[in-house]
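Scroll down for the structure; my scribbles are underneath it.
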Amino acid sequence: METAVEARGRATVVRITGSVDGTTADQLTAVFTHELAAGHTHLVAALDGVDYTSSAGLRVLLGAVKEARSAGGDVRLAAPRKDVLKVLELAGFTGILKVYGDLESAVAGFGA
Amino acid sequence: MATLVRPGKIEHLMELVAFAVEAARAAGAGDDAAHAVRVAVEEVCLNVMTHGYRGAAGPVRVAVERRADVLEIRIGDEAPLFDPAHAPRPRLDAPLEERQAGGLGWHLVREVMDEVRHEPAHPVGNVVTLIKRLARRPAAT
Numbered sequence: 433m434e435t436a437v438e439a440r441g442r443a444t445v446v447r448i449t450g451s452v453d454g455t456t457a458d459q460l461t462a463v464f465t466h467e468l469a470a471g472h473t474h475l476v477a478a479l480d481g482v483d484y485t486s487s488a489g490l491r492v493l494l495g496a497v498k499e500a501r502s503a504g505g506d507v508r509l510a511a512p513r514k515d516v517l518k519v520l521e522l523a524g525f526t527g528i529l530k531v532y533g534d535l536e537s538a539v540a541g542f543g544a
Numbered sequence: 010m011a012t013l014v015r016p017g018k019i020e021h022l023m024e025l026v027a028f029a030v031e032a033a034r035a036a037g038a039g040d041d042a043a044h045a046v047r048v049a050v051e052e053v054c055l056n057v058m059t060h061g062y063r064g065a066a067g068p069v070r071v072a073v074e075r076r077a078d079v080l081e082i083r084i085g086d087e088a089p090l091f092d093p094a095h096a097p098r099p100r101l102d103a104p105l106e107e108r109q110a111g112g113l114g115w116h117l118v119r120e121v122m123d124e125v126r127h128e129p130a131h132p133v134g135n136v137v138t139l140i141k142r143l144a145r146r147p148a149a150t
């Protein structure tokens, strides 16, 4: 798994590529923790490059979105692939996280 | 039957998962079934490694077999007895602040598989059997 972070308007985009699983989830947690500690609470996880997630990835997202919302921000998801969306749906995450079909919409959701 | 045994350490997790997915595909699993196998085998093996062995490195054994239209995956360990039926059930309709991470893994396993069975191994350990029904193979001509 690889990540890249970029500022887009009010949002900070975390682009994730590869597999979010039991061996890579801690690495992703560290990225979100770092951004939140820096005051970047309006986060978009760009998931179009993620081919797989297990509950390890769900735990990362759950922790990050709780922390972001308690700081007045949010973590929003952009462009999950079919298999990733299925796992999000099975875990009931599509009811608690905002999921957008593409990155532009997710970024625009935070306002200019 | 395709079988792989590795120490229950996280550095072997993806090898066990990849083995199961490859064996499932060789047995005729399509994309959706292969994804289900990937999720379920990772969750069960990771649970054995982190909660069962707690860092000790007992063996994890993954066996994949197709019987008629059913894919059967057995995951064996020598960890303390744990029946996944006793795993906490996540409250999927709870608001965010009340959502807990515990139990999500076993929840996914139950959702992506058609059946999940547990039995004690002898003299110690567990065997979790995952059942996935596959599309019927075309009749031989």
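Heads up: the sequence lines are chains A and B, in that order. Letter by letter, the first sequence follows residues 433 to 544 of our numbering. Letter by letter, the second sequence follows residues 10 to 150 of our numbering. Ideal Cβ placement from N, Cα and C applies to all residues, glycine included.
1. For Leu-520 of chain A, collect the residues of the same chain with a Cβ closer than 6 Å to its Cβ; drop the 5 residues on either side in sequence, then sort them by chain order.
2. Just tell me which of B:Asp-78, B:Gly-112 and B:Arg-98 has its CA closest to the CA of Ala-42 of chain B.
3. For the stretch 78-90 of chain B against the stretch 121-138 of chain B, do three or more pairs of beta-carbon atoms, one drawn from each stretch, fall closer than 8 Å, so that the two count as touching?
4. Is it a yes or a no for the stretch 15-33 of chain B touching the stretch 112-120 of chain B, going by three-plus beta-carbon pairs under 8 Å?
5. Of all Cβ atoms in chain B, is any one closer than 7 Å to the Cβ of Ile-528 of chain A?
6. Could you have a look at Leu-90 of chain B and say whether DSSP puts it in helix, strand or coil?
7. Would you say the beta carbon of Leu-490 of chain A is closer than 6 Å to some non-hydrogen atom of the ligand PLP?
8. Ala-523 of chain A touches chain B at which residues, Cβ-Cβ below 8 Å?
9. Which value, in whole angstroms, describes the spacing of the CA atoms of Leu-113 of chain B and Ala-49 of chain B?
10. Is there at least one Cβ from chain A nearer than 7 Å to Leu-143 of chain B's Cβ?
11. Listing by chain order, which chain B residues have their CB less than 7 Å from the CB of Leu-509 of chain A?
12. Kindly list the residues whose CB is nearer than 7 Å to the CB of Val-32 of chain B, restricted to its own chain and excluding five residues on each side of it in sequence; keep chain order.
13. By DSSP, does Lys-141 of chain B sit in helix, in strand, or in coil?
14. Name the one or two DSSP bridge partners that Ala-11 of chain B has.
15. Kindly give me the distance between the Cβ atoms of Ile-528 of chain A and Leu-105 of chain B, rounded to whole angstroms, as I take these residues to be in contact under 8 Å.
16. Could you say which of B:Trp-115, B:Ala-94 and B:Cys-54 lies nearest to Glu-128 of chain B if we only look at CA atoms?
17. The beta strand (DSSP E) that contains His-95 of chain B, what's its start and end?
18. Restricting to Cα atoms, I'd like to know which of A:Val-446, A:Gly-450 and A:His-474 is closest to Ala-391 of chain A.
19. Quick one: what's got a C-beta closer than 8 Å to Leu-55 of chain B's C-beta in the same chain, skipping five residues either side?
20. Could you please give me the residues that DSSP links to Arg-126 of chain B through a beta bridge?
21. Compare the C-beta of Thr-455 of chain A with all C-beta atoms of chain B and state if any pair is closer than 7 Å.
22. Does the beta carbon of Arg-447 of chain A come closer than 7 Å to any beta carbon on chain B?
23. Residues of chain A with CB closer than 7 Å to the CB of Met-122 of chain B, please, in chain order.
With the structure as the only source:
1. So the qualifying residues of the chain are Thr-526.
2. B:Asp-78
3. yes
4. no
5. yes
6. coil
7. For the structure depicted, the ligand PLP is absent and the ligand set is empty, with no information on it obtainable.
8. Pro-99, Leu-101, Leu-113, His-116 and Leu-117
9. Their Cα atoms are separated by approximately 11 Å.
10. no
11. The contacting residues do not exist; Leu-509 of chain A stays about 14 Å from chain B at best.
12. It is Ala, not Val, that sits at residue 32 of chain B in the sequence shown. If we look at Ala-32 of chain B and ignore the five residues flanking it on each side, its Cβ neighbours are Ala-11 and Val-73.
13. Lys-141 of chain B: strand per DSSP, three-state reduction.
14. B:Val-73
15. 4 Å
16. B:Ala-94
17. Unbroken run through His-95 of chain B: none, as it is neither H nor E.
18. In the structure as shown, chain A starts at 433 and stops at 544, and residue 391 of chain A therefore has no counterpart that could be examined.
19. If we look at Leu-55 of chain B and ignore the five residues flanking it on each side, its Cβ neighbours are Ile-19, Leu-22 and Gly-114.
20. B:Thr-138
21. yes
22. no
23. Result: empty, since nearest Cβ-Cβ is about 12 Å, beyond 7 Å.
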